Amino acid sequence: MHISWLGGTAIKIQTKTSGEDVTVCIDPYKPKVGAFLKSTAASIALYTRGSGGSIPVSGKPFILAGAGECEVKNVLIHAVQGHAAKDCLFRLDLEGMSLGHLGQCGAALTNEQLEAFVGVDILCIPVGGAPGFTPEQASACIQKIEPRVVVPMAFLSENDPEASSLESFVKAVGVAPQEPMKKLVIKKKDLPQEDMHVVVLNKE
């Protein structure tokens, strides 16, 4: 599995299922400020806050922007109802691994929401403050979910100039991140078995 960060809460996942290359794009929303992709291509496009405001996504993707559960191209998708009526959170199961994407969630998860995410292998979580989690809220959420790998999103950057810094999140979570990388390439056998890893991705 290859995981890239596009900016904000936008994440791209590349996988191969049954010999077919599959690209999952989550939250490809055009930001209000800063450079961003003008368009992208995907097999599956997932939206945590409705599909309005998205950049163009080519490739005739399967689109999901609301709660539900389905399997597309051997990727099991569980869209969990968010706090607002139009919001949802995503759990994906692929390549024998699980990945959670909490969109722009800014309030503590309910018990029902937590059930879908507890113990996921990889957690993509907003950490820069309103409308998403503050660094402290993100840390509290991580303690409940206990993922093996954390990928912070929506921290201070050209697309989120008013967000809290990555350093504020690192201080709150108490785990030193690995050196920033362009892309996380990971297989099930590579998952950390004991200590949680914080992986910072450079914007693609």
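Each residue of the sequence shown is one higher than the one before, counting from 12 in the working numbering.
Heads up, the beta-carbon is just placed ideally off N, CA and C, and yes, glycines get one too.
From a predicted model like this one, the values you see are computed outputs, not experimental measurements.
Buried is the label assigned to Lys23, since at least 16 other Cβ atoms lie within 10 Å of its Cβ. Val181 sits in a helix when the DSSP states are folded into three classes.
Boundaries of the alpha helix (DSSP H) harbouring Lys155: Pro146 to Ile156, taken from the DSSP string.
Contact between Leu113 and Ile136 holds: their C-beta atoms lie close to 5 Å from each other, under 8 Å. Annotation: Lys193 to Ser15 spans about 7 Å, alpha carbon to alpha carbon.
Ser109 is bridged by DSSP to Asp104.
For the options Cys81, Ala78, Ile55 and Ser65, the alpha carbon positioned closest to that of Pro72 is the one of Ile55. Comparing C-alpha distances from Val68 to each of Gly79, Pro42, Cys36 and Ser175 shows the shortest one belongs to Cys36. With contacts defined as CB atoms closer than 8 Å, Val131 and Val210 fail to qualify as a contacting pair.
The criterion of a C-beta distance shorter than 8 Å is not satisfied by Val129 and Ile153.
Beyond the five residues adjoining it in sequence on each side, Ser65 comes within less than 8 Å, by CB distance, of Pro39, Tyr40, Lys41, Ala56 and Tyr58 in the same chain, given in chain order.
Taking a cut-off of 8 Å on C-beta distances, the stretch 163 to 177 touches the stretch 44 to 51, as three or more cross pairs fall below it. Only residues of its own chain outside the window of five on either side were considered, and among them Ala118 have a CB closer than 6 Å to the CB of His94, listed in chain order. Residues of the same chain with a CB within less than 7 Å of the CB of Phe166, apart from the 5 flanking positions on each side, are Val138, Gly139, Ala174, Ser175, Ser176, Leu177 and Phe180 in chain order.
For Gln115, DSSP assigns no beta-bridge partner whatsoever.
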